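**Student:**
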Amino acid sequence: MTSGTQIAPTPIPPIAPRISGRRRLHKLGWNVLGVIVLVVMVFPVYWMVATAFKPGQKILSYTPQWIPTSPTLSNFRDAVHQPFFWDAVKNSVIVVTVVVALSVVLAFLAALALAKFRFYGRKAFIVLILGVQMVPLAALIIPLYILMSRLHQVDKLTGVIAMYLTFVLPFTVWTMRGFLLGIPKDLEEAAMVDGATRFGAFVRILLPLVGPGLVATSIFAFIQAWNEFIIAYVFLHTPQKQTLMVWLASFTTLRGTDWGPLMAGATLCALPVVVFFLLVQRRIAFGLTAGAVRG
Amino acid sequence: MKVRFLVAAVLAAMLAVAATTASGGTSKAQAGKIVVWLQNDAQNGWPEAVALANRNFKAQHPDVDVDVQYQTWGNHLQKFDAGLAGGDAPDVIELGNTEMTKYMAAGAFKTLTQSAFPNNKTWLQGLKNSAQYNGKLYGVPYYAGARAVIYRKDQYKGAGIKSTPKSLAQFVADGKKLMKKYGKDSGYSAVYFPGKYWYYAMSFVYDYGGKIAIRSGGKWKGTLNSPKALAALNQVASIAKSMSRASKTTDEANPQQALVFAKGKVGSFVGNGWEWPYALDAKVGNPALDPVVGAYPMPSHIPGKFMPTFLGGSDLAVPVTTKNQSLAVDWIKAFTSTASESEIAKAGNIANTTKLLAFNASNPKLAPFARAAKFSWFVPTSPNWANVENANVLQNMLVKIFTGRASVKAAATSASSQITRILNTGA
Amino acid sequence: MSRLAPEGAALSSVAESEFALASRRRRRLTRQRLGHAAAPYALLAPAAVAIGLILGYPMYLLVRMSFEKYGLFELIRHQGRWVGTANYAQIFHDSEFWRVLLRTVLFTVVNVTLTMVLGTGIALLLLQVSRWLRVALTTGLVLVWSVPVIVAVDIWRWMVDYEFGVANWSLQHLHVGNFVRHDWFANPWTGFGVITALIVWGAIPFITITVYAALAQVPQELLEAAAIDGARPWRIFREVTMPLLMPIFVILTSLSIIWDFQVFQQIWVMLDGRPTSDYYTMAIYAFHQSFQISEYGLGAAIAVVMVLFMFGATLVYLRQMLRAGEIR
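Chains as they are written, first to last, in this note's numbering: chain A, 1 to 295; chain B, 1001 to 1427; chain C, 2001 to 2328.
1) By Cβ distance below 8 Å, which residues in the same chain neighbour Trp-1377 (chain B) in space, the five residues on each side in sequence not counted?
2) Here's the rule: buried if 16 or more other CB atoms are within 10 angstroms of the residue's CB, otherwise exposed. What is Thr-2210 (chain C)?
3) What in chain E is Cβ-close to Met-163 (chain A), meaning under 8 Å?
4) With H, G and I counted as helix, E and B as strand and the rest as coil, what does DSSP make of Lys-1374 (chain B)?
5) Closer than 9 Å, Cβ to any Cβ of chain C: which residues of the region 49-68 of chain A, in chain order?
6) Any beta carbon of chain A sitting closer than 8 Å to that of Gly-2140 (chain C)?
7) What in chain A is Cβ-close to Phe-2287 (chain C), meaning under 7 Å?
8) By a C-beta neighbour count over all protein chains shown, 10 Å radius and 16 as the cutoff for buried, is Thr-243 (chain A) buried or exposed?
9) Kindly identify the DSSP beta-bridge partner or partners of Phe-1269 (chain B).
10) With DSSP collapsed to three states, give me the class of Ala-79 (chain A).
11) Rank A:Ser-103, A:Gly-178, A:Phe-235, A:Phe-119 by C-alpha distance to the C-alpha of Ala-2050 (chain C) and give the top, closest one.
12) Whole angstroms are fine: how far does the CA of Asn-1075 (chain B) sit from the CA of Gln-1132 (chain B)?
13) How about Ala-1237 (chain B) and Gly-1210 (chain B): do their beta carbons lie closer than 8 Å?
14) If the criterion is Cβ atoms closer than 8 Å, does the pair Ala-216 (chain A) and Thr-253 (chain A) meet it?
15) Between Gln-1063 (chain B) and Gly-1032 (chain B), what straight-line distance do the alpha-carbon atoms span, to the nearest angstrom?
16) Using the C-alpha atoms, what's the distance from Phe-2164 (chain C) back to Val-2144 (chain C)?
17) Check each candidate in B:Ser-1382, B:Ala-1317, B:Ala-1367, B:Tyr-1103 and name the one with the smallest Cα separation from Ile-2076 (chain C).
18) Tell me which residues share the same chain as Ser-1414 (chain B) and place their Cβ nearer than 6 Å to its Cβ, disregarding the 5 neighbours each side in the sequence.
19) Taking only beta-carbon positions, decide if Gln-2292 (chain C) is within less than 8 Å of chain B.
20) Whole angstroms are fine: how far does the CA of Val-2160 (chain C) sit from the CA of Met-41 (chain A)?
21) Are Ser-2256 (chain C) and Ala-2203 (chain C) close, meaning C-beta to C-beta below 8 Å?
22) Hey, Tyr-2070 (chain C) and Tyr-2296 (chain C): beta-carbon distance below 8 Å or not?
23) I'd like to know whether the C-beta of Thr-166 (chain A) is nearer than 8 Å to at least one C-beta of chain C.
24) Residues in the same chain with beta-carbon distance under 7 Å from Lys-1128 (chain B), minus the five sequence neighbours each way, listed in chain order, please.
25) Select from A:Gly-21, A:Ala-249, A:Leu-33, A:Thr-63 the residue whose C-alpha is nearest the C-alpha of Asn-2168 (chain C).
26) I want to see whether chain A comes within less than 8 Å of Val-1399 (chain B), judged by CB atoms only; does it?
27) Could you name the residues of chain B that Ile-2051 (chain C) contacts, counting a contact when the two beta carbons are closer than 9 Å?
28) If you reduce the DSSP assignment to three classes, tell me which class Glu-2074 (chain C) lands in.
29) Would Trp-2268 (chain C) be called buried (16 or more neighbouring beta carbons within 10 Å of its own) or exposed?
30) Between Asn-227 (chain A) and chain C, is there a C-beta pair that is closer than 8 Å?
31) Taking the straight line between their C-alpha atoms, what separation do you get for Val-2083 (chain C) and Phe-2311 (chain C)?
32) Enumerated in chain order, which unbroken segments of the alpha helix (DSSP H) with a length of 4 residues or greater are wholly contained in the region 1330-1385 of chain B?
33) Using a Cβ cut-off of 8 Å (strictly closer), state whether Lys-1283 (chain B) contacts chain A.
34) With DSSP collapsed to three states, give me the class of Gln-1235 (chain B).
35) Could you check which residue in A:Leu-278, A:Phe-276, A:Pro-261, A:Val-95 has the C-alpha nearest to that of Val-49 (chain A)?
36) On the CB-based measure, 16 or more other CB atoms within 10 Å of its CB, does Ile-2155 (chain C) come out buried or exposed?
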């Protein structure tokens, strides 16, 4: 304002459009690649849903139909009428809800211990939960069954829930620990000076901050519990107690696989997971790695 | 402190959950219920037979519930093993007839008295053999399946085949005629022969006088490389190579061969009784083919005779862990009654008694299979046979031959030594 | 530590209350120290109890079974026969075991490498594309992630079906070769190719979204500073981004190793529950020895060997995990 030199508004130099043009071309290139990746990744899922809508004869066709020309709901009807569908839905929902709830709480507490305290046995526990993940499940079935039988937990949802919990906890404890490690210590100390107990500080300050981490943990627990098959099959006997994955297996008999109803059933099974995901997916990104990068 | 309180609360919750379930009390020993494991084929195939059995059983024992739980072929033995380990296996279980020996030898079943069961004097010999071990009876024959050639009458006519072949040589010649007429379509098979279809392939071996394995001097010996067996396998290889465009590495259920047949590019295939109506299924098959489909027993290399067919099937057994043996026996009696077996036969199977073969014979869609069932072969009755099946020895051998990865002689010799080793394993 | 007295209080009362507060604080510190000592154990207890209760006895049984002859006969009688290290000896003398081990190692290396490279690549791609495509891609990845494994295998099995599969039809019509009735599993190499594609496809979403989140947290200023300095994108990635992402990479790689080494269901279901021996990986081999041949002692020994092997392979991660706590 006070300077002698006047700075007249200069016109946009002609070089600028060429740069943004090149950048646009780059962007276009990336976008094309992105679309290709999207199509390739999503195609199998599309194929599942499309097959679910095709009538049986069109599924077994030498020329695949890319888009169902005469879509039908008969496969879905057959799937839902396969015995014990609604029982299976109920059981899967119960199992998954309890597993997710319990694992989030237990993992949070355990992760607190591992991340915020130094104590004897800490390393041992970390090694232990790593080791637990490495044991092949198939080898554990008989020993688990012997234990569960003694505890009268065979053919019981609670037995299955307990087993799922143990498979899910190691990974969820890691996730939560990683995230907790990322919270700066001064935030904690600020809370404590206010006269709060250490645990009070945890609850009031950390819990909201690890919200995304809790969400991420719950998603992993959800998927593990929802997808599991062999434990549910071996340990749940009465058909009224079986879960959706076991129900899905009933589509394969000696007569081969009933593709139409199977894909319809599979689509139905995948739906709740997708819905749950889409509701919480934005929080995942911030949950998983906030601690790790800095840690 | 808040920590301890929270921890106590969580622990209390877990204990409460555990307590409520423990107090629920399982105990299958209660006489109020028996548990029956059937394969899921019964669920869709012959539910009337199951319903009939349950009704009759309930009339006999009004205060006992029957819980029929359907299993899948893929995992039912895993579940059974777990149940045996935990001491709570079902009261009645269905096992495939080739699976029986292993469990009988391990003492998994209660011994049964033959005379207690309906039609026991006319049980199909092949099934009865699979339920006996060391002279004792451990199972009750449930049902059987025999295979015959299912074919397209119109295609035979079109290729100039006047009547169904009565000898293997004629069968091969007919196949060549079919390939000449329709084989230009690269997807056409005169004889649809999937690579892992060992039931059909081994039928040739037994027809030529060979065997999968023989027992001599207390030991088993694989004999697929004997001259007779090799001749049979060479014939098998020749048919598969020249007349079949089926996958060399899948079996007859994946893709389901009856459904491939329904698509029109197959002249004939070897299937069970239920595969004929399945090819005509309204939803997944082709009902329009009904007038042009027929069946005949597979002819032997000896003119005028039939090739022995593999008598597949299932038995019903009572696991040794049961606390309701008499109830279990009563249910089996109800399920293998003549009435119940008739329902099973109606579904395209072969009932467990020769009395009902006549029933099958009167139905044109079942008659060829009933005729074929009269000449059958069965796998070596060694407790380790199930391990041979699980190791896929025969399937591997056939795949190697069909894909040309090994000569017939080399593949058969390798398979024989594997069979010898597996059958002679352990105590 | 010094915010003791409320404003406006008399000095004496301040001193008085200061003394009272100090003693209260001292008592709280002692209680706190004790509580402090007990707290981690109390916090850890529920999770440790859950894992210990359910897995403790079975793990003990598993290890004990590995030293016993435990076939169907023994299973029914609930009593194994002690044979010392005979099972282990049998495994190590079985040439099949070494073949399977080698195959599994190779399989794991290929899968983990492809998963990590492609997953990271797509994460980087996410940073470059337009916003609408970013949303579409993450949604698509979430969709893939949500499909249960059993279902995914069935879909892929159907896609590569011999007679009616869409893969054969497409490749045929793209004139890539003769794919009419092409049997993908006739040759174990192509068969494993399909299985690898399936596994990598299913694993990418997790890796991509995790790495993407990590990338999103790399401070922009660092990247911009490097760019202004004239560094090319690849160099920026290698020297600025990678070091920051290293902990996450180590975690993801170790997890992938553990998961891919134990792959069972995909191979099993893809081959209709009857894989031929040239498709055996360690998990299938262990299953075969346990359930199919009913030699549970042998199966247990194989499982123990697998665990020890995986421990060795993930030693790096283990030390990272332990060290990460130390810094604080």
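Note that CB positions come from ideal geometry on N, CA and C, so glycine has one too.
This one's a predicted model, so the numbers in the text were calculated from it and none came from an experiment.
**Tutor:** On the basis of the data shown:
1) Met-1202, Ser-1203, Tyr-1206, Pro-1308, Thr-1309, Phe-1310, Leu-1311
2) Per the 10 Å Cβ criterion, buried.
3) Absent here is chain E; the protein component of the structure consists of chains A, B and C.
4) coil
5) Thr-51, Ile-59, Leu-60, Ser-61, Tyr-62, Thr-63, Pro-64, Trp-66
6) yes
7) Ala-138
8) By the neighbour-count rule (16 or more Cβ atoms within 10 Å), Thr-243 (chain A) is buried.
9) Partner residues in the beta bridge of Phe-1269 (chain B), as assigned by DSSP, are B:Ile-1150, B:Tyr-1192.
10) helix
11) Between Ala-2050 (chain C) and the set A:Ser-103, A:Gly-178, A:Phe-235, A:Phe-119, the nearest pair of CA atoms involves A:Ser-103.
12) 24 Å
13) no
14) No, the pair does not count as a contact, with Cβ atoms beyond the cut-off.
15) Gln is not the amino acid found at residue 1063 (chain B); the sequence shown has Asp there. About 6 Å.
16) Going by the C-alpha atoms only, they are around 23 Å apart.
17) B:Tyr-1103
18) There are no such residues.
19) yes
20) 16 Å
21) Taking a C-beta distance under 8 Å as the contact criterion, Ser-2256 (chain C) and Ala-2203 (chain C) qualify as a contact pair.
22) In this structure, Tyr-2296 (chain C) lies closer than 8 Å to Tyr-2070 (chain C) by Cβ.
23) yes
24) Correct list, in chain order: Pro-1141.
25) A:Thr-63
26) no
27) Within chain B, no residue comes near Ile-2051 (chain C); the closest Cβ sits about 12 Å away, beyond 9 Å.
28) helix
29) buried
30) Yes, Asn-227 (chain A) lies at the interface with chain C (some Cβ there is under 8 Å from its Cβ).
31) 26 Å
32) Qualifying alpha helix (DSSP H) stretches, in chain order: 1338-1346, 1357-1361, 1367-1373.
33) yes
34) helix
35) The residue with the shortest Cα to Cα distance from Val-49 (chain A) is A:Pro-261.
36) buried
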